[in-house]
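I have placed the structure first, in the form of structure tokens, so that the comments after it can refer back to it.
Numbering (the numbering used here), first residue to last: 8 to 134.
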């Protein structure tokens, strides 16, 4: 009986984790949490950038839809003003194709990797 009791006391005395084991576990958990926080930060930045690209694409689509409602002469004269009112820029380039006068309107909005560019062509009605 005394031997059994002594054996039980020795097990209790050595039960649990040592200081080094505890410190290693805390270190692993700290590294894992830091990596997860860094990944979360990267994903949030990517999400914000994706959202901005989407907003820029919709802005260009709205400008293009507005330009389509105008006739050729109004498109030429109002393209820059319409683009500016939506926070975009417009570059109007004149050209001739099959004896028709035309313009190419290059619309751009945003900066960096979220920048979107769209082109719109318009021809006069003369044949």
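Backbone N, C-alpha and C define an ideal beta-carbon position, used for all residues, glycine too.
The beta carbon of residue 124 sits closer than 6 Å to those of 115, all from its chain and outside the five residues before and after it, given in chain order.
In summary, residue 107 is exposed, with fewer than 16 beta-carbon neighbours lying within 10 Å of its beta-carbon over all protein chains present. For the 8 Å CB-CB criterion, residue 130 and residue 79 form a contact. As a beta-bridge residue in DSSP terms, residue 103 pairs with 108. For residue 132, no alpha helix (DSSP H) segment is defined, and its DSSP state is neither H nor E. The residues 74 and 129, in chain order, have a CB closer than 6 Å to that of residue 82 in the same chain once the five nearest residues on each side in sequence are set aside.
In the three-state scheme derived from DSSP, where H, G and I count as helix and E and B as strand, residue 96 is classed as strand.
Going by beta carbons, residue 98 and residue 76 fall outside the 8 Å limit. Taking every protein chain shown into account, the CB of residue 36 has fewer than 16 other CB atoms within 10 angstroms, so this residue is exposed. DSSP places residue 114 within a strand segment (E or B) once states are collapsed to three. Under DSSP, residue 126 forms a beta bridge with 113. In terms of CA proximity to residue 119, 59 leads the group 59, 40, 45 and 26. Taking 8 Å as the cut-off, the Cβ atoms of residue 111 and residue 102 count as close.
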